[in-house]
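Listed in order, the protein sequences are those of chains A and B.
Letter 91 of the first sequence, counting from 1, is numbered 91 in my numbering, and no numbers are missing.
Letter 106 of the second sequence, counting from 1, is numbered 212 in my numbering, and no numbers are missing.
Protein chains: 2
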Amino acid sequence: MEETLIPTALCPRVEHAFEILGKKWTGLILRHLMTKTCRFNEIQDAIPELSGRMLTERMKELEAEGIVIRTVIPERPIKIQYSLTDKGRQLEPVIRSIEEWAELQD
Amino acid sequence: MEETLIPTALCPRVEHAFEILGKKWTGLILRHLMTKTCRFNEIQDAIPELSGRMLTERMKELEAEGIVIRTVIPERPIKIQYSLTDKGRQLEPVIRSIEEWAELQD
DNA sequence: TTTTTTAATTACTTTTCGTAACCTAAATAC
DNA sequence: GTATTTAGGTTACGAAAAGTAATTAAAAAA
């Protein structure tokens with residue numbers, strides 16, 4: 001039997017996208033960053049169940065993916081600003097559509 | 107200081123949506139089910155790195171969420187059909203937007 | 001001098017995930 | 001008539017990811 005059409009063929013880019021968004025907290029972090037540039041503690045306050053350890057780890061990943069930019073503010077104590085890159089801002093339809101789906105339920 | 111506007115207030119429905127989609131494999135499984143009703147092994151063949159153990163677990167979760175329906179086909183050996191509910195089909199914009207974002211990259 | 005602040009890191013525990021073996025019950029092969 | 005294959009699981013076990021809590025830096029404030 002010949003396979004002529006593979007509707008959901010495994011494209012590496014698509015797989016990778018689902019990998020990023022398939023990690024715990026990533027979606028909620030990005031959702032918060034959609035509204036504004038945030039400091040580390042602002043994100044934590046917005047998502048109380050997210051631990052500092054996990055936030056550090058996710059932000060490192062998102063920075064490495066080119067989705068967020070990390071800026072050190074040279075005050076004492078030091079502060080960090082996280083903001084979305086263009087690539088990150090392009091995720092807005094994803095975040096929006098998840099929110100819209102969520103609002104439909106029940 | 108008074109907080110008058112909470113742009114990304116933690117709504118339980120939205121949190122829950124991100125929880126479902128923030129699990130490994132869920133996105134790719136749903137993506138495949140968007141194209142057609144599938145048997146267990148069809149999904150596994152489509153996503154080779156996904157183990158049977160994980161597929162069973164995810165499908166149970168998605169069924170419990172009311173996102174997919176599991177139908178037993180009484181042949182021997184027994185076959186199972188998985189298809190999306192309305193709630194599941196409403197996730198199409200989410201899956202589409204992730205795919206579209208992925209295609210933009212690099 | 002002690003406490004506070006911000007953004008991490010480290011050690012340790014609990015969940016989740018991956019791998020491989022096994023199960024059922026009928027159909028087919030040898 | 002024993003052995004193998006099939007579909008869709010389950011189970012046991014080890015590895016990886018995530019949660020919890022204590023600790024760090026360096027300077028400012030109490």
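Built from N, CA and C at the ideal position, the CB exists for glycine as well.
*Find the residues of chain B that neighbour A/F18, judging by a C-beta separation of less than 7 Å, and give them in chain order.*
Locating residue 18 of chain A in the first sequence gives position 18, counting from the first residue. Within 7 Å Cβ-Cβ: G133, L134, I204.
*Proximal residues of chain A, C-beta to C-beta of B/L190 below 8 Å*: Within the second sequence, numbered from 1, the residue matching residue 190 of chain B stands at position 84. Going along chain A, no residue has its Cβ under 8 Å from B/L190, so there is no contact; the nearest lies around 13 Å.
*According to the neighbour-count rule (16 or more other Cβ atoms, all chains shown, within 10 Å of its Cβ), is B/E205 buried or exposed?*
As a working mapping, residue 205 of chain B is identified with position 99 in the second sequence. The residue in question, B/E205, is buried, as its Cβ has 16 or more Cβ neighbours within 10 Å.
_Nearest-angstrom beta carbon gap, A/V68 and B/S203 [assumed within contact, 8 Å]_ = One-based indexing of the second sequence puts residue 203 of chain B at position 97. One-based indexing of the first sequence puts residue 68 of chain A at position 68. Wrong, their Cβ atoms sit about 19 Å apart, outside the cutoff.
*Quick one: is A/R53 near chain B, going by C-beta distance under 8 Å?*
What you label residue 53 of chain A is simply residue 53 of the first sequence in a count that begins at 1. By this cut-off, A/R53 is not an interface position.
*Is the region 159 to 173 of chain B touching the region 123 to 142 of chain B, taking contact as three or more C-beta pairs under 8 Å?*
yes
*Kindly provide the ranges of any alpha helix (DSSP H) runs that are 4 or more residues long and lie completely inside the region 19 to 43 of chain A, ordered along the chain.*
26 to 35
*Do you know how far the Cα of A/W101 is from the Cα of A/H32?*
Sequence index remark: in the first sequence, residue 32 of chain A carries index 32 (1-based). Sequence index remark: in the first sequence, residue 101 of chain A carries index 101 (1-based). Each residue's alpha carbon lies about 17 Å from the other.
*Return the chain-ordered list of same chain residues with a C-beta closer than 7 Å to the C-beta of B/Q187, the five sequence neighbours on each side being excluded.*
Here residue 187 of chain B is taken as the residue at index 81 of the second sequence, counted from 1. If we look at B/Q187 and ignore the five residues flanking it on each side, its Cβ neighbours are T143, R145, T177, I179.
*Output the residue ranges of the alpha helix (DSSP H) runs that lie fully inside the region 39 to 82 of chain A and measure 4 residues or longer, sorted by chain position.*
40 to 46, 52 to 64
*Tell me B/L190's beta-bridge partners as DSSP assigns them.*
The residue given as residue 190 of chain B occupies position 84 in the second sequence. Partner(s): B/V174.
*Reducing DSSP to helix, strand and coil, say where A/L104 ends up.*
For the purposes of this step, residue 104 of chain A is taken as the residue at position 104 of the first sequence. Helix.
*Proximity winner among A/I29, A/E65, A/E42, relative to B/V120 (alpha-carbon distances)*: In the second sequence, residue 120 of chain B corresponds to position 14, counting from 1. Measuring from the Cα of B/V120, the nearest candidate turns out to be A/I29.
*How about A/L104 and B/Q196: do their beta carbons lie closer than 8 Å?*
Sequence index remark: in the first sequence, residue 104 of chain A carries index 104 (1-based). Sequence index remark: in the second sequence, residue 196 of chain B carries index 90 (1-based). Going by C-beta atoms, A/L104 is nearer than 8 Å to B/Q196.
*asked:* Taking 8 Å as the limit between beta carbons, can you name the residues of its chain near B/L156, skipping five residues before and five after?
replied: The residue labelled residue 156 of chain B in the question sits at position 50 within the second sequence. Answer for B/L156: W131, L134, I135, I149, Q150, listed in chain order.
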